[in-house]
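**Student:** Just passing along the structure, written as structure tokens.
Residue numbers (full-length UniProt numbering): 1 to 326.
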């Protein structure tokens, strides 16, 4: 607490300046300095039995904020760098992973702290178990990227990891897709989201079906939702792609989810062209003649759960080789 008192009268009743200030926090009643009543009654302070007091009290209600004038910058966390050096130097490692003949040294406690699967694998077996573990279902480059994330909490975004599916490489063969599978296996949620983010950048008409299948298989829910919405909004073009044939043959249940997403997009649409308008009699967005083919069930005229649509290149609707969304 900061305070200041200013007295304007002396014992003779004359103006006199006497400053008293303090800058400490203290509950102080000042009773030891009280003026005795008997002394006051016989003093010259009383004039016609009146005591005149004139003072000014000043209280500082704000103080200078040092943090606004000066700042001490704290660097970014470097714990990932320290753990990364621990991995690279193989210092005090106590487990070896043999992946297709390539050996990776690691630390059981670090792996167990990051992954419940590693924890169960490394600490649930007998004490005399071998410290060398052979892995058959993962490639060395994928396991190396996995360890990099476990120790550094980042991805080594080199050219191979950032390789686009727009190249000749199939989306299933990209490092991001394989790392997504590893993240799902070892229950590394943050790594899975990182892989989802990478794969999301490569969603296109030709790749969305296979990326959707990957997302569904490896529990990548964020990526799956994006794929379903993209496919629903570009349904005609997606159904003409080779990836949709793959989806129809390998993931029939996803077709039902896609249909529900189409219905949801239709309900949310407040402006613009309807999703189903792509199938109406007339021309599609590419100027090709199409025809809507929707069969009604006998129970009250409700639309059947199965949607059959075939859009051949000649523009005529073909029900003989129709696709089914069930």
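Glycine included, C-beta positions come from ideal geometry on N, C-alpha and C.
Under 8 Å between the Cβ atoms of residue 196 and residue 177?
**Tutor:** Result no, Cβ atoms of residue 196 and residue 177 do not sit closer than 8 Å.
**Student:** Provide the residue(s) that pair with residue 253 in DSSP beta bridges, ordered along the chain.
**Tutor:** Looking at the DSSP assignment, residue 253 forms no beta bridge with any residue, so it has no partner.
**Student:** Does the count of Cβ pairs from the stretch 221-240 and the stretch 249-259 closer than 8 Å reach three?
**Tutor:** The stretch 221-240 vs the stretch 249-259: in contact.
**Student:** Taking only the alpha-carbon atoms, compute the straight-line gap between residue 33 and residue 62 and give it to the nearest angstrom.
**Tutor:** Approximately 29 Å between the Cα atoms of the pair.
**Student:** Would you call the stretch 77-85 in contact with the stretch 147-159, where contact means no fewer than 3 C-beta pairs closer than 8 Å?
**Tutor:** Verdict: yes, contact present.
**Student:** Using a threshold of 8 Å, state whether the C-beta atoms of residue 135 and residue 143 are closer than that.
**Tutor:** Yes, these two residues count as a Cβ contact at 8 Å.
**Student:** Do the CB positions of residue 215 and residue 243 come within less than 8 Å of each other?
**Tutor:** Not a contact, by the Cβ cut-off of 8 Å.
**Student:** Residue ranges of each alpha helix (DSSP H) run of no fewer than 4 residues wholly in the stretch 83-145, ordered along the chain?
**Tutor:** Runs of the alpha helix (DSSP H) inside the stretch 83-145: 108-114 and 116-123.
**Student:** Would you tell me roughly how many angstroms separate the C-alpha atoms of residue 187 and residue 91, rounded to the nearest one?
**Tutor:** Answer to the nearest angstrom: the Cα atoms are 26 Å apart.
**Student:** Which of the three DSSP states, helix, strand or coil, is assigned to residue 208?
**Tutor:** Helix, per DSSP.
**Student:** Near residue 101, which residues of its chain fall below 7 Å by C-beta distance, leaving aside the five closest residues on each side in sequence?
**Tutor:** Answer for residue 101: no residue qualifies.
**Student:** State the Cα-Cα distance for the pair residue 190 and residue 58, rounded to the nearest angstrom.
**Tutor:** So the alpha carbons of these two residues sit roughly 57 Å apart.
**Student:** Measuring only the C-alpha atoms, how far is residue 203 from residue 173?
**Tutor:** Their backbone Cα atoms lie some 15 Å apart in a straight line.
**Student:** Between residue 228 and the ligand SAM, is there a pair consisting of the residue's CB and a ligand heavy atom that are separated by less than 7 Å?
**Tutor:** Because no ligand of any kind appears in the structure shown, any question about the ligand SAM cannot be addressed here.
**Student:** Give the secondary structure of residue 60 by DSSP, where H, G and I count as helix, E and B as strand, and everything else as coil.
**Tutor:** Coil, per DSSP.
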